[in-house]
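In my numbering, the protein residues as written are 1051 to 1325. So the structure is just underneath, and the comments pick up after that.
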(Lines of atoms letter the chains of each structure in order from A and count residues from 1; the text may use other names and numbers.)
(Lines give C-alpha, C1' and ligand atoms only; values in the text may rest on other atoms or scores of the structure.)
Protein backbone atom coordinates (compact mmCIF):
# COMPACT_ATOMS: atom_id res chain seq x y z
CA UNK A 1 0.00 0.00 0.00
CA UNK A 2 1.37 3.41 -0.99
CA UNK A 3 0.43 6.35 1.18
CA UNK A 4 1.45 9.94 1.50
CA UNK A 5 2.23 11.47 4.86
CA UNK A 6 1.07 15.04 5.17
CA UNK A 7 -1.01 17.37 7.29
CA UNK A 8 -4.62 18.11 6.53
CA UNK A 9 -5.48 18.17 2.85
CA UNK A 10 -8.50 20.10 1.52
CA UNK A 11 -11.70 18.48 2.71
CA UNK A 12 -10.08 16.60 5.60
CA UNK A 13 -11.60 17.11 9.00
CA UNK A 14 -10.24 15.69 12.20
CA UNK A 15 -12.32 15.76 15.38
CA UNK A 16 -11.72 18.96 17.42
CA UNK A 17 -11.18 16.93 20.61
CA UNK A 18 -8.28 15.15 18.89
CA UNK A 19 -6.38 18.37 18.14
CA UNK A 20 -3.67 19.24 17.39
CA UNK A 21 -3.08 17.11 14.31
CA UNK A 22 0.46 15.80 13.82
CA UNK A 23 2.38 15.93 10.51
CA UNK A 24 2.54 12.11 10.51
CA UNK A 25 -1.15 11.96 9.54
CA UNK A 26 -1.53 9.60 6.58
CA UNK A 27 -3.58 10.44 3.52
CA UNK A 28 -4.37 7.46 1.31
CA UNK A 29 -4.95 8.25 -2.39
CA UNK A 30 -8.37 7.33 -3.69
CA UNK A 31 -7.77 7.44 -7.46
CA UNK A 32 -8.68 3.78 -7.90
CA UNK A 33 -11.49 3.81 -5.35
CA UNK A 34 -15.12 4.71 -5.07
CA UNK A 35 -15.44 6.74 -1.87
CA UNK A 36 -18.84 8.07 -0.88
CA UNK A 37 -21.29 9.04 1.85
CA UNK A 38 -24.55 7.20 2.42
CA UNK A 39 -27.32 6.63 4.94
CA UNK A 40 -28.33 3.26 6.33
CA UNK A 41 -31.88 2.48 7.50
CA UNK A 42 -31.72 1.21 11.07
CA UNK A 43 -34.28 0.96 13.84
CA UNK A 44 -36.54 3.55 12.23
CA UNK A 45 -33.73 6.05 11.61
CA UNK A 46 -31.27 6.89 8.84
CA UNK A 47 -27.70 6.48 10.04
CA UNK A 48 -24.96 8.42 8.22
CA UNK A 49 -21.97 6.40 7.06
CA UNK A 50 -19.03 6.59 4.71
CA UNK A 51 -17.69 3.76 2.59
CA UNK A 52 -14.90 2.94 0.18
CA UNK A 53 -14.40 0.11 -2.29
CA UNK A 54 -12.34 -0.60 -5.40
CA UNK A 55 -13.75 1.45 -8.29
CA UNK A 56 -13.73 -1.38 -10.81
CA UNK A 57 -15.14 -4.07 -8.53
CA UNK A 58 -18.80 -3.85 -7.65
CA UNK A 59 -19.90 -7.32 -6.52
CA UNK A 60 -19.06 -9.99 -3.97
CA UNK A 61 -16.49 -7.95 -2.10
CA UNK A 62 -15.45 -9.00 1.40
CA UNK A 63 -16.97 -6.57 3.90
CA UNK A 64 -15.13 -4.79 6.70
CA UNK A 65 -17.18 -2.71 9.11
CA UNK A 66 -14.90 -0.05 10.62
CA UNK A 67 -15.97 1.03 14.10
CA UNK A 68 -14.97 4.53 15.10
CA UNK A 69 -12.71 5.78 17.84
CA UNK A 70 -14.15 7.92 20.60
CA UNK A 71 -13.87 10.82 18.12
CA UNK A 72 -16.46 9.45 15.71
CA UNK A 73 -16.14 9.04 11.95
CA UNK A 74 -13.56 11.71 11.26
CA UNK A 75 -10.72 11.84 8.73
CA UNK A 76 -8.60 9.10 10.31
CA UNK A 77 -11.45 6.58 10.18
CA UNK A 78 -12.25 7.61 6.61
CA UNK A 79 -8.64 6.99 5.69
CA UNK A 80 -8.78 3.55 7.33
CA UNK A 81 -11.68 2.78 4.97
CA UNK A 82 -9.61 3.91 1.98
CA UNK A 83 -6.67 1.74 3.07
CA UNK A 84 -8.91 -1.30 3.35
CA UNK A 85 -10.54 -0.58 0.00
CA UNK A 86 -7.09 -0.62 -1.61
CA UNK A 87 -6.78 -4.16 -0.25
CA UNK A 88 -9.96 -5.18 -2.07
CA UNK A 89 -12.55 -4.71 0.69
CA UNK A 90 -15.84 -2.90 0.87
CA UNK A 91 -15.11 -0.87 3.99
CA UNK A 92 -17.88 1.03 5.71
CA UNK A 93 -17.81 3.25 8.79
CA UNK A 94 -21.19 4.09 10.36
CA UNK A 95 -21.66 7.11 12.61
CA UNK A 96 -22.77 5.21 15.68
CA UNK A 97 -23.31 8.26 17.92
CA UNK A 98 -25.72 9.93 15.50
CA UNK A 99 -28.81 9.69 17.71
CA UNK A 100 -27.08 11.07 20.81
CA UNK A 101 -25.06 13.89 19.23
CA UNK A 102 -22.12 15.03 17.12
CA UNK A 103 -18.56 14.47 18.40
CA UNK A 104 -17.45 17.51 16.40
CA UNK A 105 -19.33 19.67 18.90
CA UNK A 106 -16.78 18.86 21.63
CA UNK A 107 -13.32 20.34 22.08
CA UNK A 108 -11.90 18.04 24.74
CA UNK A 109 -11.92 14.33 25.42
CA UNK A 110 -13.39 14.29 28.98
CA UNK A 111 -16.42 16.35 27.94
CA UNK A 112 -16.89 14.31 24.77
CA UNK A 113 -16.79 11.09 26.76
CA UNK A 114 -19.03 12.16 29.62
CA UNK A 115 -21.63 14.12 27.65
CA UNK A 116 -21.89 11.99 24.52
CA UNK A 117 -20.10 8.64 24.46
CA UNK A 118 -21.50 7.31 27.74
CA UNK A 119 -25.03 7.96 26.46
CA UNK A 120 -24.69 5.49 23.58
CA UNK A 121 -26.16 2.09 24.60
CA UNK A 122 -24.26 -1.05 23.61
CA UNK A 123 -27.54 -2.71 22.58
CA UNK A 124 -28.26 0.14 20.19
CA UNK A 125 -24.78 -0.19 18.67
CA UNK A 126 -25.11 -3.96 18.19
CA UNK A 127 -28.43 -3.54 16.38
CA UNK A 128 -27.09 -0.71 14.23
CA UNK A 129 -24.09 -2.81 13.20
CA UNK A 130 -26.46 -5.61 12.18
CA UNK A 131 -28.15 -3.17 9.83
CA UNK A 132 -24.77 -2.03 8.48
CA UNK A 133 -23.96 -5.65 7.64
CA UNK A 134 -27.29 -6.02 5.82
CA UNK A 135 -26.75 -2.78 3.90
CA UNK A 136 -23.27 -3.84 2.82
CA UNK A 137 -24.57 -7.21 1.59
CA UNK A 138 -27.09 -5.38 -0.60
CA UNK A 139 -24.51 -2.94 -1.99
CA UNK A 140 -21.78 -5.11 -3.41
CA UNK A 141 -20.59 -6.97 -0.34
CA UNK A 142 -20.44 -10.69 0.29
CA UNK A 143 -22.46 -11.52 3.40
CA UNK A 144 -20.44 -14.72 3.81
CA UNK A 145 -17.26 -12.70 4.27
CA UNK A 146 -18.28 -10.23 6.97
CA UNK A 147 -15.44 -8.78 9.05
CA UNK A 148 -15.11 -5.98 11.57
CA UNK A 149 -12.36 -3.86 13.08
CA UNK A 150 -12.57 -1.15 15.71
CA UNK A 151 -10.27 1.36 17.35
CA UNK A 152 -10.28 2.66 20.95
CA UNK A 153 -14.04 2.89 21.73
CA UNK A 154 -14.56 0.75 18.66
CA UNK A 155 -12.01 -1.78 19.88
CA UNK A 156 -14.26 -2.63 22.80
CA UNK A 157 -17.23 -2.82 20.43
CA UNK A 158 -15.29 -5.26 18.22
CA UNK A 159 -15.09 -7.77 21.09
CA UNK A 160 -18.77 -7.34 21.90
CA UNK A 161 -19.91 -7.72 18.31
CA UNK A 162 -17.89 -10.93 17.93
CA UNK A 163 -20.11 -12.37 20.65
CA UNK A 164 -23.27 -10.86 19.18
CA UNK A 165 -23.40 -11.77 15.49
CA UNK A 166 -22.82 -15.43 14.57
CA UNK A 167 -22.45 -14.43 10.89
CA UNK A 168 -19.29 -12.46 11.64
CA UNK A 169 -16.20 -14.26 10.31
CA UNK A 170 -13.51 -12.37 12.25
CA UNK A 171 -12.81 -9.21 14.21
CA UNK A 172 -9.75 -7.16 15.10
CA UNK A 173 -9.85 -4.99 18.22
CA UNK A 174 -7.30 -2.20 18.44
CA UNK A 175 -6.70 -1.10 22.06
CA UNK A 176 -10.28 -1.58 23.13
CA UNK A 177 -11.05 -1.40 26.83
CA UNK A 178 -11.56 -4.85 28.34
CA UNK A 179 -13.17 -4.09 31.69
CA UNK A 180 -14.73 -1.24 33.61
CA UNK A 181 -17.76 -0.02 35.49
CA UNK A 182 -21.04 -1.58 34.43
CA UNK A 183 -23.94 0.72 33.59
CA UNK A 184 -27.35 0.41 32.02
CA UNK A 185 -25.84 1.43 28.68
CA UNK A 186 -22.79 -0.82 29.07
CA UNK A 187 -23.88 -3.81 31.15
CA UNK A 188 -21.05 -6.08 29.96
CA UNK A 189 -17.44 -5.71 28.89
CA UNK A 190 -15.17 -7.97 26.81
CA UNK A 191 -14.00 -9.85 29.91
CA UNK A 192 -17.62 -10.81 30.55
CA UNK A 193 -18.31 -12.18 27.09
CA UNK A 194 -15.11 -14.14 26.34
CA UNK A 195 -17.07 -17.37 26.68
CA UNK A 196 -19.66 -16.14 24.16
CA UNK A 197 -17.35 -15.30 21.25
CA UNK A 198 -18.57 -16.85 18.01
CA UNK A 199 -15.96 -15.23 15.75
CA UNK A 200 -12.17 -15.27 16.12
CA UNK A 201 -10.79 -12.02 17.52
CA UNK A 202 -7.32 -10.51 17.28
CA UNK A 203 -6.62 -7.96 20.02
CA UNK A 204 -3.84 -5.39 19.53
CA UNK A 205 -2.63 -3.56 22.63
CA UNK A 206 0.18 -1.34 23.87
CA UNK A 207 2.19 -2.19 26.99
CA UNK A 208 2.43 1.53 27.81
CA UNK A 209 -1.32 2.14 27.61
CA UNK A 210 -2.14 3.85 30.90
CA UNK A 211 -5.88 3.38 30.36
CA UNK A 212 -5.75 -0.36 29.71
CA UNK A 213 -3.41 -1.89 32.29
CA UNK A 214 -1.53 -5.06 31.42
CA UNK A 215 -3.32 -6.79 34.28
CA UNK A 216 -6.61 -6.48 32.42
CA UNK A 217 -4.99 -7.74 29.21
CA UNK A 218 -3.68 -10.80 31.07
CA UNK A 219 -7.10 -11.35 32.65
CA UNK A 220 -8.61 -11.32 29.17
CA UNK A 221 -6.04 -13.85 27.96
CA UNK A 222 -6.92 -16.14 30.85
CA UNK A 223 -10.64 -15.77 30.15
CA UNK A 224 -10.09 -16.59 26.49
CA UNK A 225 -8.03 -19.67 27.34
CA UNK A 226 -10.65 -20.85 29.82
CA UNK A 227 -13.34 -20.45 27.15
CA UNK A 228 -11.19 -22.17 24.52
CA UNK A 229 -11.93 -19.15 22.33
CA UNK A 230 -10.38 -18.57 18.94
CA UNK A 231 -8.55 -15.41 19.86
CA UNK A 232 -5.09 -13.94 20.06
CA UNK A 233 -3.78 -10.89 21.88
CA UNK A 234 -0.61 -9.09 20.81
CA UNK A 235 0.99 -6.53 23.12
CA UNK A 236 3.52 -4.08 21.69
CA UNK A 237 6.12 -3.26 24.36
CA UNK A 238 6.92 0.26 23.11
CA UNK A 239 3.39 1.38 22.27
CA UNK A 240 0.79 3.21 24.30
CA UNK A 241 -2.90 3.81 23.66
CA UNK A 242 -3.98 4.80 20.13
CA UNK A 243 -0.66 3.71 18.63
CA UNK A 244 -2.30 3.39 15.19
CA UNK A 245 -3.62 6.98 15.29
CA UNK A 246 -1.07 8.46 12.89
CA UNK A 247 -2.52 11.94 13.32
CA UNK A 248 -1.81 12.03 17.08
CA UNK A 249 1.35 12.14 19.24
CA UNK A 250 0.48 8.60 20.44
CA UNK A 251 1.34 7.16 17.01
CA UNK A 252 3.96 4.42 17.11
CA UNK A 253 4.80 3.65 13.53
CA UNK A 254 6.51 0.29 13.97
CA UNK A 255 3.70 -1.15 16.09
CA UNK A 256 1.03 0.32 13.82
CA UNK A 257 2.55 -1.20 10.68
CA UNK A 258 2.93 -4.59 12.32
CA UNK A 259 -0.63 -4.45 13.64
CA UNK A 260 -1.98 -3.56 10.20
CA UNK A 261 -0.26 -6.55 8.59
CA UNK A 262 -1.48 -8.84 11.35
CA UNK A 263 -5.02 -7.57 10.82
CA UNK A 264 -4.89 -8.25 7.07
CA UNK A 265 -3.49 -11.73 7.71
CA UNK A 266 -6.20 -12.42 10.31
CA UNK A 267 -8.91 -11.38 7.87
CA UNK A 268 -7.40 -13.48 5.08
CA UNK A 269 -7.09 -16.51 7.37
CA UNK A 270 -10.75 -16.44 8.34
CA UNK A 271 -12.28 -15.75 4.95
CA UNK A 272 -11.65 -12.09 4.18
CA UNK A 273 -10.54 -12.75 0.61
CA UNK A 274 -11.40 -15.33 -1.99
CA UNK A 275 -8.94 -18.25 -2.33
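Beta carbons: idealized from backbone N, C-alpha and C, even for Gly.
- Contact between the region 1253-1269 and the region 1091-1110 is not established, with fewer than three Cβ pairs separated by less than 8 Å.
- Contact annotation: the region 1193-1201 touches the region 1112-1122, with at least three C-beta pairs closer than 8 Å.
- Fully contained in the region 1143-1201 are the following beta strand (DSSP E) runs of length 3 or more, in chain order: 1191-1201.
- Relative to residue 1187, the option among 1080, 1292, 1280 and 1109 whose CA is nearest is 1109.
- Nearest neighbour of residue 1229 by Cα position, chosen from 1218, 1267 and 1212, turns out to be 1267.
- By the Cβ criterion, the region 1070-1086 is in contact with the region 1124-1139, since at least three pairs of Cβ atoms, one from each stretch, lie closer than 8 Å.
- For residue 1245, the three-state secondary structure derived from DSSP is helix.
- Take residue 1170, set aside five residues on each side of it, and the residues of its chain with a beta-carbon closer than 6 Å to its own are 1147 and 1150, in chain order.
- The Cβ-Cβ distance between residue 1157 and residue 1066 falls below 8 Å.
- By alpha-carbon distance to residue 1250, the top candidate from 1185, 1106 and 1216 is 1216.
- Distances from the CA of residue 1219 to each of 1102, 1321, 1089 and 1088 were compared; the closest alpha carbon is that of 1321.
- One Cα belongs to residue 1168, the other to residue 1239, and the distance between them is close to 14 Å.
- Looking at the DSSP output, residue 1070 shares a beta bridge with no other residue.
- Short of 6 Å from the beta carbon of residue 1305, and not among the five residues preceding or following it, lie these beta carbons of its own chain, in chain order: 1286, 1289 and 1293.
- If you ignore the 5 residues before and after residue 1074, its C-beta comes within less than 8 Å of the C-beta of 1055, 1296, 1297, 1301 and 1303, all in its own chain and listed in chain order.
- With respect to residue 1182, residue 1142 sits close: the two C-beta atoms are nearer than 8 Å.
- The shortest C-alpha to C-alpha distance from residue 1175 to any of 1161, 1235 and 1248 is the one to 1235.
- For residue 1123, the secondary structure class from DSSP, reduced to helix, strand or coil, is coil.
- When beta bridges are read from the DSSP output, residue 1224 appears opposite 1201 and 1254.
- The beta carbon of residue 1245 lies closer than 7 Å to those of 1277 in the same chain, with the five residues before and after it left out.
- For the 8 Å CB-CB criterion, residue 1227 and residue 1262 form a contact.
- Within its own chain, the residues whose Cβ lies closer than 8 Å to the Cβ of residue 1269, once the five positions on either side in sequence are excluded, are 1228, 1229 and 1241, listed in chain order.
- Residue pairing by DSSP places residue 1284 opposite 1254 in a beta bridge.
- Checking the DSSP bridge columns, you'll see residue 1101 partnered with 1086 and 1142.
- Residue range 1264-1276 is occupied by the alpha helix (DSSP H) that includes residue 1274.
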